[in-house]
Structures are given as C-alpha cells and as structure tokens.
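In the UniProt record's numbering, the protein residues as written are 1 to 437. Backbone N, C-alpha and C define an ideal beta-carbon position, used for all residues, glycine too. Since the model is a prediction, treat every value here as computed from it, not as a measurement. Structure record follows, encoded as structure tokens.
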Amino acid sequence: MKKYNFIIITLVLSAFLACEHDEDKRPSGGAWNTGPLTGYSVTPINGGATITYDIPRDNDILYVMAEYERNGKIFTEKASVHKNELTIEGFNTTSPVKASLYKVNKQEQRSEPLEIEFEPLEGLITIAQNSLEMIPGFGGIVASWHNPGNTEFGVRLVVPDEQRPGELLTHEMYFSSTENDRRSFRGFEPEEKAFGVAFEDKWGNISDTTWLTTTPFFETMVPKPYADFRASIPYDNPTTLGGRDINTLWDNVVNTASHGWLTQPGAGNGLSMTIDLGQVVKLSRIVIHGYHINSVYGQANVTQFELWGSDKIDFARLSDRPYWLDETSVRNNAFSNDVANKLDPMAEIPAHTFKDDWQYLNWHAIPRFDRMVPPDPQGAANLATNGTEYEMPLDAKPVRYLRLFVREIAGVMPPAPNNYWSMGEFTAYGDNTVPQN
C-alpha cells in the first residue's frame with residue numbers, strides 16, 4: 001500500500017513541477033496588451049535624434065527599444081528601463097526619419113508602438129566635409145576639418161592610380177575623434193598631383209571626395225649629426241648626467257630602455273638648450289623620442305616646450321647675458337640657485353631679448369593618449385615606437401639654430417626646481433635646398 005501511495009505522490013509532484021516549468025517557458029515575443037510610451041519629446045541632433053519619455057512604472061519591463069530603418073536596413077537601439085532617454089544616430093541625411101519605440105517585457109514581448117518622425121540635423125561627416133580645408137604641405141598636403149560631435153571616423157586620402165587610369169588608390173586612412181583636427185599626409189615627391197579626401201563614419205556613411213591638385217613642398221630629413229650649442233648660449237643647461245652624452249640625441253638609436261641624454265639634476269642649471277642643425281632649413285617638423293621606450297609620459301621626458309629658431313647667431317651678443325633670458329624661466333625660478341651666473345630671479349627682463357630677433361616656432365605638447373576617455377594605450381605605444389611629431393608653422397622662415405625651452409617635464413608644470421630632464425632622439429625634417437647664409 002505504501003508503495004502505491006509513494007507512486008501516486010511522485011506522479012502528482014511531477015505533474016505540478018512540469019506545469020510550473022511550462023509556466024516559466026511561456027512563448028517569447030507576441031502581443032502584449034499594454035499601452036505605448038508616454039510623455040515623450042524628440043530633439044533632433046547631428047545625424048539623429050534623442051527621445052525622452054516617462055520612465056514606465058511596470059516591474060515586468062526589461063528595456064525600451066527603438067526600431068528604425070537606415071540605408072535600407074533595419075536597426076534597433078535599446079535603453080535601460082532606468083533611463084528616460086534613447087538616442088538614434090548614424091544618419092547622413094536631413095530627410096524625415098520614422099522610428100517605432102516599444103516597451104519590452106521579460107518575456108521579450110513588445111508593447112504597442114510609439115510612432116515618431118524627426119528630421120536629423122546635418123550629419124557629422126557632412127559637417128567635416130563642408131569644413132574641410134586642404135593646402136599643399138611638405139611631402140604632400142595638409143587637411144583640417146571640424147567634428148563637433150567628437151565622433152570617431154576615418155579620413156581617407158586617395159590619389160589616382162597611375163597604372164590603372166580611372167582607378168583610385170588609398171594612400172592612407174587616418175582615424176580621428178578630435179573636434180578640430182589637422183593631418184599632414186606625406187610620402188609624395190614635389191610634383192603636381194591630384195589629392196582626394198573623404199570621410200567615413202562607423203555607421204558606414206561615406207562623404208563625397210574633395211579634390212585638390214597641387215605640388216607638395218620638398219621634404220627630407222636634415223642630415224645628422226647636429227651640433228650642441230649649449231655652452232655658447234647663456235642660461236642654457238650645459239650639464240650631462242653620467243655618460244649620457246648629448247650626441248646620443250642624433251645617433252639614430254631609438255626604442256631602447258635607456259639611451260639618450262639627461263641633464264644633471266641641480267637647481268640653477270637652466271631649462272633650455274640650443275641646437276645647430278649645421279645648415280639653413282625651412283623646417284617642416286621635428287620628431288622627439290623619449291629616453292625610455294616604456295615611459296613616454298614619465299621618467300624625465302619633456303612633455304611640453306616652446307621653440308624659437310634663427311638662421312644666424314649674433315656672436316657679439318653672447319657676452320650680453322640678459323639678452324638671452326627667458327621671462328617664463330625667470331618667473332618659475334629656474335635660476336633661483338644659479339650662484340655661478342649670479343642671476344637675481346627678480347631681475348628685470350631687458351626690453352629687447354633674443355625673442356625679438358629670433359622666430360617663434362610655437363608651443364608644443366605631447367599628445368596625452370593616457371588622458372583620453374577612454375585611454376588609448378595603442379596611441380601611447382605608437383609615440384614610444386615612432387617618436388612624437390611636432391609640426392612647424394608652414395609660413396615659418398628658414399632657420400639653422402633652434403632654442404628649446406622646457407615648460408613641462410613628465411606632466412609636471414612648471415618643472416621641478418632641480419631642472420632634471422631628458423630626451424632619447426632628436427630629428428629635424430624640412431627643405432634644405434633653400435639659400436644658405
């Protein structure tokens with residue numbers, strides 16, 4: 001009897017559990033008898049729209065979804081049930097766009113749709129294309145554009161294929177997410193050529209190609225070695241730490257753990273250096289490698305500096321020490337303990353200094369890929385491998401001597417009072433066919 005009772009109880013429990021299991025496996029999808037989203041508003045944005053709405057008060061809702069068509073394909077966007085807005089983007093048109101918004105429950109059932117229609121503002125790649133400026137540059141062209149949404153897109157440089165008439169070759173694809181960006185496309189001889197630039201976004205939109213036919217400027221690496229002129233210029237830092245001779249800055253040895261030049265730590269040694277390129281050059285750019293390949297932003301690497309240049313030095317001025325002063329270095333007490341030079345850090349800067357006779361070549365800063373949101377470790381790694389490129393003003397006159405003033409060391413500005421800084425390699429590029437004085 002007990003045996004039969006046990007069998008009956010087992011069968012009843014099995015049937016109950018099976019029913020419960022079937023209840024948990026209700027069919028997904030299908031109709032859901034609930035109303036659409038309410039309290040909504042639509043705000044057009046560049047290439048899309050942002051829709052706000054009242055957060056649904058239903059514990060069974062899993063998320064809110066928008067369904068729409070773009071470029072002939074159906075796309076969906078989802079938003080958490082805890083948010084009251086959803087963004088649709090990726091359009092490169094200002095024509096009306098229709099979209100359906102749904103509440104979706106835990107059984108993947110949709111509510112009644114909220115049908116909306118909006119006209120996107122001008123697409124970001126269209127804005128970039130319309131703002132594009134192209135001018136001849138060293139070894140190619142210089143392109144600049146505006147990207148107000150900081151959206152990542154590709155910038156493609158194309159040129160006619162000389163082997164296949166009517167076809168195009170992609171010379172370079174550059175990726176950018178900067179609001180106002182500028183790119184020098186290089187690698188061409190100083191011969192007339194047609195250059196085309198087009199923009200492509202992550203949604204597959206491609207702009208029209210803008211063309212410029214021009215002749216690039218001649219560019220070459222300024223032959224090394226360069227010359228150390230620090231001992232001749234007052235208030236330059238003439239020190240060297242250990243065996244790190246300054247001539248290692250132009251020996252073409254890069255990407256090592258510890259190769260290059262470092263100053264001797266000690267207050268009062270100055271925050272500037274002067275380099276003789278050995279010939280007059282219309283500079284296009286300089287490239288600086290860090291002392292340590294694995295620490296482009298650390299160690300004692302220069303992370304910001306100002307640069308001046310001149311095609312000649314007035315040697316009669318070398319004895320006029322105040323003429324060579326830099327007010328920023330004085331203000332930052334770079335010479336506070338300079339007993340040898342007997343410099344009063346509060347001394348008045350002369351009305352006429354070297355800056356009135358030399359050419360200003362801009363303030364330069366290393367790109368901080370580590371401070372991007374999110375950080376870009378590959379960008380930082382590329383700086384370590386290739387060095388950091390600093391472009392010179394296109395309208396700058398030819399120079400032979402460069403005077404570099406350190407403004408930030410390893411992210412610290414103003415630099416620490418010990419004036420300890422380093423570089424791994426220094427390379428200059430430009431046109432050295434200009435007249436030599």
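Check: With DSSP run on the structure shown, which of helix, strand or coil describes arginine 70?; Outcome: strand
Check: Flag this pair as touching only if the region 381-395 and the region 269-288 have three or more C-beta atom pairs under 8 Å; answer yes or no.; Outcome: yes
Check: Which residue spans inside the region 265-347 form an unbroken alpha helix (DSSP H) run of at least 4?; Outcome: 327-331
Check: Looking only at its chain, what residues have a beta carbon closer than 8 Å to the beta carbon of threonine 433, apart from the 5 residues adjacent to it on each side?; Outcome: Phe218
Check: Identify the continuous alpha helix (DSSP H) that holds glycine 379 and give its terminal residues.; Outcome: 377-386
Check: So, at 6 Å on beta carbons, what are the nonlocal neighbours of phenylalanine 138 in its own chain, with the 5 sequence-adjacent residues on each side left out?; Outcome: Phe217, Glu219 and Ser284
Check: Quick check on the DSSP output: the alpha helix (DSSP H) that includes threonine 87 runs from which residue to which?; Outcome: Taken as a continuous stretch (DSSP letters only), threonine 87 belongs to no alpha helix (DSSP H), being part of the beta strand (DSSP E) at 85-88.
Check: Would you kindly check if the distance between the Cβ of valine 280 and the Cβ of residue 447 is under 9 Å?; Outcome: Outside the shown range of the chain (1 to 437) lies residue 447, about which nothing can therefore be said.
Check: Taking the DSSP output, what are the residues bridged to tyrosine 401?; Outcome: Asp276 and Ser310
Check: Go through its chain and collect everything with a Cβ distance to isoleucine 275's Cβ below 6 Å, but skip five positions before and after it.; Outcome: Tyr226 and Leu402
Check: Got a sec? Which residues, its chain only, sit under 6 Å from tryptophan 358 by beta carbon, not counting five neighbours each side?; Outcome: Trp308 and Ser310
Check: Less than 9 Å between the C-beta atoms of valine 159 and alanine 143, yes or no?; Outcome: no
Check: I think valine 42 touches valine 64, with their Cβ atoms under 8 Å apart; what is that distance to the nearest whole Å?; Outcome: No, valine 42 and valine 64 are not in contact; Cβ-Cβ is about 14 Å, not under 8 Å.
Check: Figure out for me which residue from Met423, Phe185 and Asn180 has the closest Cα to the Cα of residue 459.; Outcome: Beyond the ends of the chain as shown, which are 1 and 437, falls residue 459; an answer cannot be given.
Check: Who are the near neighbours of leucine 383 in its chain, counting only those whose CB is closer than 6 Å to its CB and skipping five residues on each side?; Outcome: Val296
Check: Taking the straight line between their C-alpha atoms, what separation do you get for glycine 430 and asparagine 419?; Outcome: 30 Å
Check: Could you name the residues that DSSP lists as bridge partners for proline 44?; Outcome: Ala49
Check: Check whether the region 229-243 and the region 120-140 are in contact - that is, three or more C-beta pairs closer than 8 Å.; Outcome: no
Check: According to DSSP, glutamate 189 sits in a beta bridge with which residue or residues?; Outcome: The partner list for glutamate 189 (beta bridge, DSSP) is empty, contrary to what the question assumes.
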